[in-house]
Amino acid sequence: ALFAFLTVIGRAVVSLLRPRLGILWGWFLSPTVGLALLIVTMTRLNIWGLPVKTFGPWLAGGLLLAAIGVLWWRKPVFPWRQLRPYALLTLLFVVYAGWPMFRFGFNWISYGNDDMANYCLAADRFLHHGYYDLPEQTELEGRDYSQHYWFMHGLQQIRPGSELMLAFASSVTGLNPHE
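For the sequence shown, our numbering gives the first residue as 38, with consecutive numbering after it.
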C-alpha cells in the first residue's frame, strides 16, 4: 500500500514537471519522487514543531487527493503491458519478504538489531514531538527514552528520513513503529 501511495504521488509530480523521459522511466521514477516529496514535506512540518501523529493522516489524505486531481487533469499514459513483468516481480518480492506476516500478523520481528531499535525509538520521538522540541530532564532520566534522539537530530543534524518515514507509517496505520 505504501509503495502504491508513493507511486501515485510521484507520478503526479512527474506528470506536472513533464521531464523528457520515456513512459516506463517516468513510472519507474515515480515512487522515488513520491518518497522525496513526502519526506521533504514531513521534515518541514516537523521542524515547525508539529508531531507527525498530528499531521500524518492529513498529509496522506491531502497528497493523495492532490495527486488524484493532477492525474485526472494530466491523464498520463499507463502502459499496462510493459509494466506487467515489473509489477509481478514487485509483488513476488513483497510476498517473499513479508511471508511471516501472513502467518503471524504483526507479531513477529525478522531481524532485530540495535539499528532497528534506534530507528523505531527515533520514529517514536518524531511521532510525538516536534523536531527541535527540547526534552525535559525527567524524560531523559527514564520516562521517555526516545527523547535521547533529540541530541542526534536536533544538535548533530543527522539525517532523519528513515525515522520520519516510520513515524508517518505509524501515524497513518495506528501501529507502533516497531510493528
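Beta carbons are placed, not taken as given, at the ideal position from N, Cα and C, and that holds for glycine. Bear in mind that the values here come from a model prediction, so they are computed numbers and not experimental data.
Classify residue i as buried or exposed, calling it buried when 16 or more other Cβ atoms lie within 10 Å of its own Cβ.
{"i": "THR44", "result": "buried"}
{"i": "PRO68", "result": "buried"}
{"i": "LEU197", "result": "Note on residue identity: the sequence assigns Pro, not Leu, to residue 197. Flag for PRO197 reads buried."}
{"i": "ILE46", "result": "buried"}
{"i": "PHE115", "result": "exposed"}
{"i": "VAL70", "result": "buried"}
{"i": "GLY191", "result": "buried"}
{"i": "PRO88", "result": "buried"}
{"i": "TRP64", "result": "buried"}
{"i": "LEU82", "result": "buried"}
{"i": "ALA38", "result": "exposed"}
{"i": "ALA49", "result": "buried"}
{"i": "LEU125", "result": "exposed"}
{"i": "SER183", "result": "buried"}
{"i": "VAL131", "result": "exposed"}
Determine the closest residue to residue i out of the options, with distance taken between C-alpha atoms.
{"i": "GLU200", "options": "ASN155, GLN194 and LEU100", "result": "ASN155"}
{"i": "TYR168", "options": "TRP187, GLY179 and ASN150", "result": "TRP187"}
{"i": "LYS112", "options": "SER183, ARG55 and VAL209", "result": "ARG55"}
{"i": "MET189", "options": "PRO172, ARG180 and GLU178", "result": "PRO172"}
{"i": "ILE105", "options": "PRO122, SER183, GLY211 and VAL51", "result": "VAL51"}
{"i": "THR91", "options": "ARG162, GLU176, GLN194 and GLY179", "result": "ARG162"}
Can you list, in chain order, the residues of its chain whose CB lies under 7 Å from that of residue i, leaving out five sequence neighbours each side?
{"i": "LEU203", "result": "TYR156, CYS157, ALA160 and PRO214"}
{"i": "SER207", "result": "ALA160, LEU164, ASN213 and PRO214"}
{"i": "THR220", "result": "No answer is possible for residue 220: the residues shown for the chain start at 38 and end at 216."}
So, at 8 Å on beta carbons, what are the nonlocal neighbours of residue i in its own chain, with the 5 sequence-adjacent residues on each side left out?
{"i": "LEU75", "result": "LEU43, ILE46, LEU96, LEU100, MET202 and PHE205"}
{"i": "VAL209", "result": "GLY93, PRO94 and ALA97"}
{"i": "MET138", "result": "TRP145"}
{"i": "LEU58", "result": "VAL51 and LEU66"}
Regarding residue i and the ligand ADP, is the C-beta to nearest heavy atom distance less than 8 Å?
{"i": "PRO137", "result": "The ligand content of the structure shown is nil, which means the ligand ADP is not present either."}
Quiz item: Unbroken alpha helix (DSSP H) runs of length 4 or more, entirely within the region 102-141: which are they?
Solution: Within the region 102-141, the complete alpha helix (DSSP H) runs of at least 4 residues are 117-134 and 136-141.
Practice problem: Could you tell me which uninterrupted alpha helix (DSSP H) segments, each at least 4 residues in length, are contained entirely in the region 135-213, listed from first to last along the chain? | Solution: With a minimum length of 4 residues, the unbroken runs of alpha helix (DSSP H) contained wholly in the region 135-213 fall at 136-141, 151-165 and 198-210.
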